[in-house]
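Our numbering puts the first residue of the sequence shown at -8, with every later residue one more than the last. Beneath this line is the structure, given in structure tokens, with notes to follow.
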Amino acid sequence: MPIFSVPECLRTWAEVDLGALRANLDFVRQRIGPYPTILAAVKANAYGHGACETVQALAGTKPIFGVANLHEAAEIKSVSDGSDVMLLGPCLPSERRDAVEAKYIVTISSAAEAMAYSKFGSVRVNLKIDTGMGRIGCWKDDAISALRSLQGVPTIKIHSISTHLPSADEDTAFTTAQLHDFTKLAKSLHSITPTAKLHSLNSAGILTLPEFAADIVRPGLMLYGCSPIPDFPTHLRPVLAWKARIVLLKDLPAGASVSYGRTYISSTPIRTAVLPVGYADGYPRQASGQGCGVLINGQRCDLIGRVTMDQIIVNVSDLTNVQVGDVATLIGRDGNVSIDAQELAHRSGTIAWDILTGIGRRVERLYSEAP
Ligand SMILES: *Cc1c(COP(=O)(O)O)cnc(C)c1O
């Protein structure tokens, strides 16, 4: 277990275990074999884990780093150690020059979009194909003609041809059919641009259908130690633990109401602890009244009443020896009990991606080792 030195003065923080991050990358590697390149999705501040530290921790394995936009790409540029960076989403017209000059691999959805980049110089493009996501990407029936019209444009190099899976965590039958379709289409495309790399798998795809790994895989969530599929057996290790110190202990009589809207009324006298974290820190407001809890001194304590902007209240009546300054775990393990991001997400009616990327700026990130 990594050791974190946590200053007394920290109110809420996230402990990021970079050893676990690297172990999860190794787990991806085991599933896909030695050949495919790993594109590590580090968008959205590396799913809340800290983009620069995450990139530094992984750069030695020479992955491609996947980011959402130019701003995120610039943030990691100085630490990515020469690794390629791919912009996973489109650029605005005004951003294209910078993307080309910085030599990022850009994702395009049409030949016209690629041509617009190429005005600014040589560019490597990832031709995205829409095979069911209905978001970015060139509609699959138009892919061959798009690729043909880029053939022979000297400033455009087709780095890769890819698609995205909308239901890999929910619908393996659809996903399998989608991947067979894409593989067939990719064969024709490949005969036009034989050096283009093929990719389609996100974390759920890597777990369920690793035989479709092709040339590149694009894990995100699983690198951070969360399985996108409930109960899927993995060797993933959670990378992030979220903690907060008790700032106040208070006794309330029976019949007292707790938090906005008075949705919780104590039926007996209770002891409450106030934690300095709320929905402004990314603790989901929808967690209110859903059986969520936090861990204190190795015991689970119920969240009571509504989550507020800056504070939550938990019931610590069953704890002996609890003190102001004691540490509560919102996500993570404490002794024999644990709460993972998936559980908090599930109870709050959302997904682990949303919880992790939502952890806010007031939550200081601590790292287990110098990255
Ligand atoms: C974010 C992203 C991924 C990673 O998805 P996970 O479900 O987190 O593994 C893969 N591909 C693309 C295009 C993405 O934008």
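All residues carry an ideal CB built from backbone N, CA and C; glycine is no exception. These numbers come from a predicted model, not from an experiment.
So, for residue i: in the same chain, excluding its five sequence neighbours on each side, which residues have a beta-carbon less than 8 Å away from its beta-carbon?
i: residue 170; result: 156, 191, 196, 200 and 203
i: residue 249; result: 243, 255, 256, 257, 263, 295, 296 and 304
i: residue 146; result: 109, 112, 113 and 114
i: residue 207; result: 27, 28, 29, 30, 55, 151, 153, 188, 189 and 190
Using a Cβ-Cβ cut-off of 7 Å (strictly less than) and excluding sequence neighbours within five positions of residue i, which residues of its own chain qualify?
i: residue 339; result: 275, 277, 278 and 281
i: residue 362; result: For residue 362, the pLDDT reaches just 45, beneath the cut-off of 50, and the residue's location in the model is therefore unreliable, although a value from the coordinates is still provided. So the list reads 9, 44, 47 and 48, once near-sequence residues are dropped.
i: residue 88; result: 111
i: residue 342; result: 336
i: residue 345; result: 336
i: residue 216; result: 11, 15, 227, 228, 229 and 230
With residue i and residue j assumed to form a contact (beta carbons below 8 Å), what rounded beta-carbon distance in angstroms separates them?
i: residue 303; j: residue 269; result: 6 Å
i: residue 187; j: residue 151; result: 6 Å
i: residue 58; j: residue 94; result: Rounded, the Cβ-Cβ distance is 14 Å, inconsistent with contact.
i: residue 173; j: residue 120; result: 7 Å
i: residue 78; j: residue 90; result: 6 Å
i: residue 50; j: residue 71; result: 6 Å
Kindly indicate which three-state DSSP category residue i falls into: helix, strand or coil?
i: residue 279; result: coil
i: residue 170; result: helix
i: residue 252; result: helix
i: residue 94; result: coil
i: residue 362; result: Its pLDDT being 45, under 50, residue 362 is placed unreliably by the model, and the measurement read from it follows with that caveat. Of the three classes helix, strand and coil, the one that applies to residue 362 here is coil, per DSSP.
i: residue -1; result: coil
i: residue 106; result: helix
i: residue 334; result: helix
i: residue 89; result: helix
i: residue 135; result: helix
i: residue 181; result: helix
i: residue 225; result: coil
i: residue 307; result: coil
i: residue 117; result: strand
i: residue 194; result: helix
Cβ of residue i versus every heavy atom of ligand 2: is any distance shorter than 7 Å?
i: residue 205; result: Absent from the structure shown: ligand 2. Ligands present: ligand 1.
Leaving out five residues before and five after residue i in sequence, what residues of the same chain have Cβ atoms less than 6 Å from its Cβ?
i: residue 219; result: 160, 194, 195 and 212
i: residue 349; result: 273
i: residue 167; result: none
If we count Cβ pairs, one from each stretch, closer than 8 Å, do we get three or more for the region 230 to 239 versus the region 319 to 339?
yes
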